[in-house]
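Contents: one structure, followed by commentary.
There are 2 protein chains.
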Amino acid sequence: MELDQRKLQILRAIVDEYILSASPVGSKALSKGGMKWSSATIRNEMADLETLGYLAQPHTSAGRIPSEKAYRLYVDQMMQRAHLSDEESKLLYGYFRDHVHGVDAVLRSTAKALSEITHYTALVMMPDIGVNRLRHLQLIPLTPGKALAVVVTDAGVSQNTVIDVPEDIGPEELDRISKAITARFSDCRMSTVSSKLVRELGGELSQRAGFVESLLSRLCESQSSDRHMVELSGTTNMLEYPEYSDVNKAKTFLATVEQKDDMYRMLKKASSMEFTVTIGSENEQEGFQDCSVVTASYRVNGTPVGSFGVIGPTRMDYARVLSILKNVQTNLSTVLQSFLKEE
Amino acid sequence: MELDQRKLQILRAIVDEYILSASPVGSKALSKGGMKWSSATIRNEMADLETLGYLAQPHTSAGRIPSEKAYRLYVDQMMQRAHLSDEESKLLYGYFRDHVHGVDAVLRSTAKALSEITHYTALVMMPDIGVNRLRHLQLIPLTPGKALAVVVTDAGVSQNTVIDVPEDIGPEELDRISKAITARFSDCRMSTVSSKLVRELGGELSQRAGFVESLLSRLCESQSSDRHMVELSGTTNMLEYPEYSDVNKAKTFLATVEQKDDMYRMLKKASSMEFTVTIGSENEQEGFQDCSVVTASYRVNGTPVGSFGVIGPTRMDYARVLSILKNVQTNLSTVLQSFLKEE
DNA sequence: TTTAGCACTCAATTCCTTCGAGTGCTAATC
DNA sequence: GATTAGCACTCGAAGGAATTGAGTGCTAAA
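Keeping their order, the protein sequence lines are chains A and B.
The first sequence begins at 7 in the working numbering and counts up one residue at a time.
The second sequence begins at 7 in the working numbering and counts up one residue at a time.
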């Protein structure tokens, strides 16, 4: 079913207006607000748009609100890219310039930037360590039988895991094992380190093959159970919107967004795409049926390693959010690049 | 002003009832609910208690609600310690048994346990690294000019900080410096390491005195700007209570509780005391004027290094919360002790 | 000193009315 | 044939009056 030019214009006006006001848009308001047709004409078109499924009426004597189908169309075809003002760009840039204390800090700062500038809730996924290449592994003795494993990858990501160590391995040997593993597996992807290469251990490591094997598998597995996987920011921003003036809705939303495992899965899935826009019931999460999620991926050395995004009510300002995400994506890749400077 | 026995009994009954129901308590209800005096008598006593400042009336034709003064009295003198059921104790213990992946994980688990069992919001402060003794320092090269500093203390706490390194220091020298510092400062308190001992550097380190000095001060300073200082859990639990059925109140609360710096300061202050109970306006935070905060401290090697607590509405179940905190305190110190096993 | 009794208060609830934004339909107009 | 003016109609929101009932203070009797 094709929509003619006029229907498109009217639909767009309705979506734009509803994004601003959150209240149903009537034909008269549209007609007065710069549309070149009378309210009656608009009314007829709106009736058509409703039967086509693009609009809905909360009740007979109210205006129309856009359906998810309308948002979909809006995002895919009608939306005009918003332009960020210089101030905003500068503001955004500021969040990145001052945080050069490592990947973690930058990504946390990203989340904060996103939530503060969009006024929605921001999510940032920590980079997937599996695709990164090992730079350095260091085992640090804690107590007899326990050690701390610190992993550094080419993306600068580090991760600490407490591991069990056979009691007969002393501090010096831990150090030697660290150096040996670093030398042997340097520049291998984390995900392949444990699976493929464990068998090829030679020299000193062969005596400790069992330990090394369990160590490496532990490192990969601990990543998925790690708590820093997702950084959230601005969760309470949503309470500003009339959609969440009901505490129960707010609670449902907050509870959903704090399921970090789910959020991680969502972002991970999205990280293979440059951008995604998921509207209302397109979301898998129960609690996001009235929300939209917009994400962008970020890369290190050309490989997508993670994604970040924004959650807002379905009537979110998609154009603006996408512009911001694009801007952040650029900033982020620049900063991450500076951490990795291939030698 | 002394309260006679009967006034105390009535006051306690009102507080107990109000903690449960959150709605003003009337004389009739009390009289029917097991009090041995008629509603009229109770009414007279209530009028007295009101003029004494222990009760307040939302409006003329409503029952009475306890004032902060009443809660204070209740907590200090009237409350009977609640007894945790065996199931609850077991449940609590379960949170600790399974999380032996390091201090961080245990404390996060503590927060979760507290919030889930109390149904309030839980806060746990990460241990103050300054009072702990250095076990191991390891500098791991990242890129030329940058390195990752990993600090391990006697409490098992570790912390990563990205630091700048003069370009002429290579990986081998970083390793040597790490070992030298570890050897020299092992078992010194972190807080004294940088201030006192920097001058006494001898041997190899003296050539790099400038670098080592900046490194050590950076380590101590970075702790205070660290983001993991406070672990929050169950922030949305508060939305269950009628006190927060108004979204604005909820928002104020959530915004306050997410000011991690403030929360850290609050907990840090409380960590010198075994237990604290701070009621309503006794709280410094604007957003906690209708909340109470109950905390307990935890120790490592006999030194208090941090605290944890619960935030709830002023009508929280103080007796129960205190019992739970006490139980958690015991569990926590046992588990932390197991991390430190002095060799 | 305690309590029964009673008049009084006031928030909460319910029911009604009014108001107005918005609609659909029809007939006149371009 | 498309557009628009006009009009009756719908229905939620807002406001107001009446009702209800839990709770009080006060007084007088036990």
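The beta carbon of each residue, even a glycine, is placed where N, CA and C say it ideally should be.
Since the model is a prediction, treat every value here as computed from it, not as a measurement.
If I'm right that residue i touches residue j with Cβ under 8 angstroms, what's the distance once you round it to whole angstroms?
i                      : j                      : result
residue 302 of chain B : residue 335 of chain B : 5 angstroms
residue 341 of chain B : residue 102 of chain B : 5 angstroms
residue 325 of chain B : residue 85 of chain B  : 5 angstroms
residue 221 of chain A : residue 169 of chain A : 6 angstroms
residue 156 of chain B : residue 156 of chain A : 5 angstroms
residue 236 of chain A : residue 196 of chain A : Not confirmed; about 19 angstroms, so no contact.
residue 181 of chain A : residue 249 of chain A : The pair is not a contact, with the Cβ atoms about 56 angstroms apart (cut-off 8 angstroms).
For chain B, find out if any of its Cβ atoms is closer than 8 angstroms to the Cβ of residue i; answer yes or no.
i                      : result
residue 261 of chain A : yes
residue 349 of chain A : Residue confidence for residue 349 of chain A is low, a pLDDT of 33 falling below 50, so the modelled location carries little weight and cannot support an answer.
residue 250 of chain A : yes
residue 213 of chain A : no
Assign residue i to buried or exposed, taking buried as 16 or more other Cβ atoms, counted over all protein chains shown, within 10 Å of its Cβ.
i                      : result
residue 240 of chain B : buried
residue 213 of chain B : exposed
residue 291 of chain B : buried
residue 96 of chain B  : exposed
residue 59 of chain B  : exposed
residue 23 of chain B  : buried
residue 142 of chain A : buried
residue 66 of chain A  : exposed
residue 279 of chain B : exposed
residue 87 of chain B  : exposed
residue 184 of chain B : buried
residue 64 of chain A  : exposed
residue 309 of chain B : exposed
Thinking C-beta only, is residue j closer than 8 angstroms to residue i?
i                      : j                      : result
residue 273 of chain B : residue 158 of chain A : no
residue 243 of chain B : residue 98 of chain B  : no
residue 304 of chain A : residue 329 of chain A : no
residue 130 of chain B : residue 117 of chain B : yes
residue 20 of chain B  : residue 72 of chain B  : yes
residue 51 of chain A  : residue 13 of chain A  : yes
residue 253 of chain A : residue 253 of chain B : yes
residue 25 of chain B  : residue 321 of chain B : yes
residue 316 of chain A : residue 124 of chain A : yes
residue 245 of chain B : residue 256 of chain B : yes
residue 70 of chain A  : residue 30 of chain A  : yes
residue 311 of chain A : residue 138 of chain A : yes
Go ahead and pull the three-state DSSP assignment for residue i.
i                      : result
residue 144 of chain B : strand
residue 166 of chain A : strand
residue 320 of chain A : coil
residue 57 of chain A  : helix
residue 131 of chain A : strand
residue 171 of chain A : coil
residue 39 of chain B  : coil
residue 80 of chain A  : helix
residue 237 of chain B : strand
residue 64 of chain B  : coil
residue 284 of chain A : strand
residue 28 of chain B  : coil
residue 304 of chain B : strand
residue 182 of chain B : helix
residue 88 of chain A  : coil
residue 151 of chain A : coil
residue 69 of chain B  : coil
residue 315 of chain B : strand
residue 214 of chain A : coil
residue 334 of chain A : helix
residue 277 of chain B : coil
For residue i and chain A, any beta-carbon pair shorter than 8 angstroms?
i                      : result
residue 253 of chain B : yes
residue 125 of chain B : no
residue 242 of chain B : yes
residue 142 of chain B : yes
residue 245 of chain B : yes
residue 156 of chain B : yes
residue 138 of chain B : no
residue 307 of chain B : no
residue 186 of chain B : no
residue 257 of chain B : yes
residue 146 of chain B : yes
residue 333 of chain B : no
residue 337 of chain B : no
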